[in-house]
Every structure is written in C-alpha cells, then in structure tokens.
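Enquirer: Just dropping this structure here.
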Ligand code: HEC
Ligand code: HEC
C-alpha cells in the first residue's frame with residue numbers, strides 16, 4: 003500500500019496535549035474534559051453482546067457494509083469505532099438530538115439492548131484503513147496535531163488521540179481511516195449548526211473557525227491516519 007512517510011512518524015511520536023492552545027481556550031477545554039470525564043461513567047457502563055448485535059445489524063449492511071466499511075464515501079465506516087460513541091449516536095438519532103432523516107428511520111425501532119448489542123458488534127470489527135492523497139496532507143497533519151493557535155483552534159489529538167483512535171471512556175469518536183467525504187460533511191454540519199449533538203458545543207466551537215480549505219485538508223489527512 004502506498005503510504006505517505008509522515009504517517010510512520012505520527013505513530014511513534016508522543017504529542018503533548020493542547021500544545022497550541024491559548025491559555026483561555028486551554029482552560030475551557032480542560033473544564034470540558036473534566037465535565038465529560040464525570041459523565042463518561044454512565045455513558046460507557048453498559049456493554050452489549052457482539053454476537054447478538056451481528057444479527058441485529060443485518061439491515062444496516064446495505065449502507066455500512068457487512069464488515070462495517072461503508073459503501074459510499076459520504077457514509078461513515080463503523081468498524082472499530084468505540085462502542086460508547088456508537089451507542090450515543092444511535093440514541094441521539096432515535097431521540098432526534100442528531101438530526102438525519104435516514105438514521106432517524108433506521109434507529110426508530112431499536113430498543114436500548116439492540117443499541118448496545120449493535121454497537122458492541124461494530125466495535126469488535128477491525129478498523130478500516132484508508133489512503134490519503136498527497137495534496138494538502140502536510141497542512142492537514144499540522145492542524146490535526148498542532149491546531150491553529152492564531153484562530154483559537156485546538157489540536158484534534160487532544161480529544162481524538164494522537165493517532166485518531168478516540169477516547170472510549172468519554173465516548174469521543176475514533177477518526178482514523180474514516181471516509182474523507184463523511185468527515186468533510188460532519189465538519190461542515192458542525193460549522194453550520196446542522197449537527198448539534200456534541201456536548202458543550204465542543205465540535206461546533208471548533209468547526210465554526212475552520213475554512214473550507216482547512217476542512218478539506220483535515221478530512222484527507224484523517225482518512226490516511228491509522
Ligand atoms: C440507507 C443507508 C443507511 C442505512 C440502511 C443505515 N445507515 Fe447508518 N448512516 C447512514 C448515513 C448517511 C449516516 C450519516 C448521517 C449523518 O450525517 O448524520 C449514518 C450514520 C450512522 C452512525 C453514526 C456514525 C458516526 O460516525 O457518527 C451510526 C452509528 C449508524 N449510522 C448506525 C447504523 C445502524 C446500526 C444501522 C442499521 C440499524 C444503520 N446505520 C443503517 C446511512 C445508513
Ligand atoms: C474538546 C474535545 C475535542 C476536540 C479538541 C476536537 N474534537 Fe472532534 N469531536 C469531539 C466530540 C466529543 C465529538 C462527538 C460529539 C458527539 O457526541 O456527537 C467529536 C466529533 C468529531 C467528528 C465527527 C465524527 C463522526 O464519526 O461523526 C469529527 C469529524 C471531528 N470531531 C473532527 C475533529 C477535528 C478535525 C478536530 C481538530 C480540528 C477535532 N475534532 C477536535 C471532541 C473534540
């Protein structure tokens with residue numbers, strides 16, 4: 003597989019959290035981290051049954067793939083995503099907290115146990131590896147790892163992990179290998195406030211400061227991350 007050289011460096015290098023944050027933003031994020039760490043206990047408490055989840059996920063395969071690899075670039079891969087994040091999203095679609103016509107329909111009939119089982123199933127699958135384009139790759143990596151301090155944008159690694167693996171205890175999503183088309187749409191939706199289910203507006207407050215070019219660069223970089 004053709005992999006850009008920067009990616010190897012990324013895996014071994016430890017990245018200091020919130021390196022590029024201004025003092026006040028750092029304080030705000032630290033407060034948010036503390037709040038979410040407290041609420042994470044209840045979010046991550048229930049574990050589902052992956053074998054039962056596999057059967058219950060049959061109707062999802064048409065879009066998210068039998069192996070959790072989405073069939074269209076604008077659809078999310080689910081394989082290897084954190085169980086806690088997946089179940090939060092399914093509850094949010096069901097309640098309307100996260101607005102999407104397709105997923106509102108798909109989640110409407112799911113009971114709590116179904117949500118836990120399906121989430122456990124997708125979380126148990128090996129994560130999908132994507133390949134990034136060379137164009138804009140360096141820019142994407144710089145923002146992902148260092149943020150843009152002049153614009154008050156924190157590094158993405160602070161919450162999504164040094165290699166984009168997410169934070170299951172806090173129900174923060176893994177991003178590594180996710181489809182660039184889907185990532186781009188989500189960042190645009192956070193920016194336009196079409197997606198509002200991020201606790202404490204964590205993602206809205208970041209996305210509203212990102213330009214189209216920066217969103218493009220981040221989406222491409224994230225797809226190649228693993
Ligand atoms: C007709 C296509 C389709 C089907 C069938 C479908 N989905 Fe989705 N799913 C989508 C799309 C499109 C999105 C992104 C929607 C958005 O922008 O919020 C999505 C998003 C999701 C997400 C959020 C992922 C993330 O990274 O935030 C989860 C979880 C999910 N789907 C689970 C399921 C499950 C479980 C089923 C079966 C019960 C299912 N989907 C069936 C199209 C589909
Ligand atoms: C303060 C913590 C925090 C920081 C910093 C952060 N994120 Fe997030 N991000 C979140 C949380 C929490 C969610 C999930 C919100 C929810 O529950 O739906 C999220 C969701 C996302 C999603 C949607 C994933 C999906 O599967 O639908 C994308 C894309 C994303 N973030 C990209 C980024 C990028 C790019 C950066 C850096 C510019 C960044 N995030 C920085 C906390 C953060």
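Residue numbers (the working numbering): 3 to 228.
Note that the Cβ used here is the ideal one computed from N, Cα and C, for glycine as well.
Just so you know, these numbers come straight off a predicted model, no measurement behind them.
Starting from the Cα of residue 174, find the closest Cα among 61, 108, 150 and 85 and give me that residue.
Expert: As a working note, residue 174 is residue 172 in the chain shown. That would be 85, whose Cα lies nearest to the Cα of residue 174.
Enquirer: Looking at residue 104 and ligand 1, is the gap between the Cβ and the nearest heavy atom below 7 Å?
Expert: On the chain shown, residue 104 is found 102 positions in, with the first residue counted as 1. True, at least one ligand heavy atom lies under 7 Å from that Cβ.
Enquirer: With a threshold of 16 other CB atoms inside 10 Å of the CB of residue 195, please say whether the residue is buried or exposed.
Expert: By one-based count along the chain shown, residue 195 stands at place 193. With fewer than 16 other Cβ atoms within 10 Å, it is exposed.
Enquirer: For residue 169, does the count of other Cβ atoms within 10 angstroms reach 16, so buried, or fall short, so exposed?
Expert: Position 167 of the chain shown, counting from 1, holds the residue named residue 169. By the 10 Å Cβ count, residue 169 comes out buried.
Enquirer: For the alpha helix (DSSP H) containing residue 191, name the first residue and the last one.
Expert: Position 189 of the chain shown, counted from the start, is the residue given in the question as residue 191. Taken as a continuous stretch (DSSP letters only), the alpha helix (DSSP H) holding residue 191 covers 182-193.
Enquirer: Helix, strand or coil: how does DSSP classify residue 217 here?
Expert: Numbered from 1 along the chain shown, position 215 holds the residue referred to as residue 217. In the structure shown, residue 217 sits in a helix (DSSP, three-state: H, G or I).
Enquirer: Since residue 220 contacts residue 146 with CB under 8 Å, what's their CB separation in whole angstroms?
Expert: The residue labelled residue 220 in the question sits at position 218 within the chain shown. The residue labelled residue 146 in the question sits at position 144 within the chain shown. Between residue 146 and residue 220 the Cβ distance is about 6 Å, and since that is below 8 Å, they are a contact.
Enquirer: To the nearest angstrom, report how far apart residue 177 and residue 104 are at their CA atoms.
Expert: By one-based count along the chain shown, residue 177 stands at place 175. By one-based count along the chain shown, residue 104 stands at place 102. Rounded to whole angstroms, residue 177 to residue 104 spans 22 Å at the Cα level.
Enquirer: Please state the DSSP three-state secondary structure of residue 169.
Expert: Residue 169 sits at position 167 when you count from the first residue of the chain shown. Correct three-state label for residue 169: strand.
Enquirer: On the CB-based measure, 16 or more other CB atoms within 10 Å of its CB, does residue 109 come out buried or exposed?
Expert: In the chain shown, the residue the question calls residue 109 occupies position 107. So residue 109 ends up on the buried side.
Enquirer: Could you pull the start and end residues of the alpha helix (DSSP H) that residue 105 belongs to?
Expert: Reading the chain shown from its first residue, position 103 is the one you call residue 105. That run of the alpha helix (DSSP H) goes 103-109.
Enquirer: Would you say the stretch 180-187 touches the stretch 66-85, given that touching needs at least three Cβ pairs under 8 Å?
Expert: Short answer: they touch.
Enquirer: Between residue 123 and the rest of its own chain, which residues show a CB-CB distance below 6 Å, the 5 nearest in sequence each way excluded?
Expert: As a first step, residue 123 is located in the chain shown; it is residue number 121 there, counting from the start. These residues qualify, in order along the chain: 52, 55, 56 and 59.
Enquirer: If residue 179 and residue 228 are in contact, beta carbons under 8 Å, what's the gap, nearest whole angstrom?
Expert: In the chain shown, residue 179 corresponds to position 177, counting from 1. In the chain shown, residue 228 corresponds to position 226, counting from 1. Right, the Cβ-Cβ distance comes to about 5 Å (below 8 Å), so this counts as a contact.
Enquirer: Determine the extent of the alpha helix (DSSP H) in which residue 140 is found, giving its start and end residues.
Expert: Numbered from 1 along the chain shown, position 138 holds the residue referred to as residue 140. Element bounds for residue 140: 139-148.
Enquirer: Could you please give me the residues that DSSP links to residue 155 through a beta bridge?
Expert: Along the chain shown, read from residue 1 onward, the residue named residue 155 stands at position 153. Its beta-bridge partners are 150.
Enquirer: Identify the continuous alpha helix (DSSP H) that holds residue 63 and give its terminal residues.
Expert: Working through the chain shown from its first residue, we reach residue 63 at position 61. Taken as a continuous stretch (DSSP letters only), the alpha helix (DSSP H) holding residue 63 covers 63-66.
Enquirer: Compute the minimum distance between the beta carbon of residue 65 and the heavy atoms of ligand 2, and state whether it is under 7 Å.
Expert: The count along the chain shown starts at 1 and reaches residue 65 at position 63. Incorrect: residue 65 has no Cβ contact closer than 7 Å to ligand 2.
Enquirer: Output yes or no for whether 8 Å exceeds the beta carbon distance between residue 121 and residue 88.
Expert: As a working mapping, residue 121 is identified with position 119 in the chain shown. As a working mapping, residue 88 is identified with position 86 in the chain shown. Taking 8 Å as the Cβ cut-off, residue 121 and residue 88 qualify as a contacting pair.
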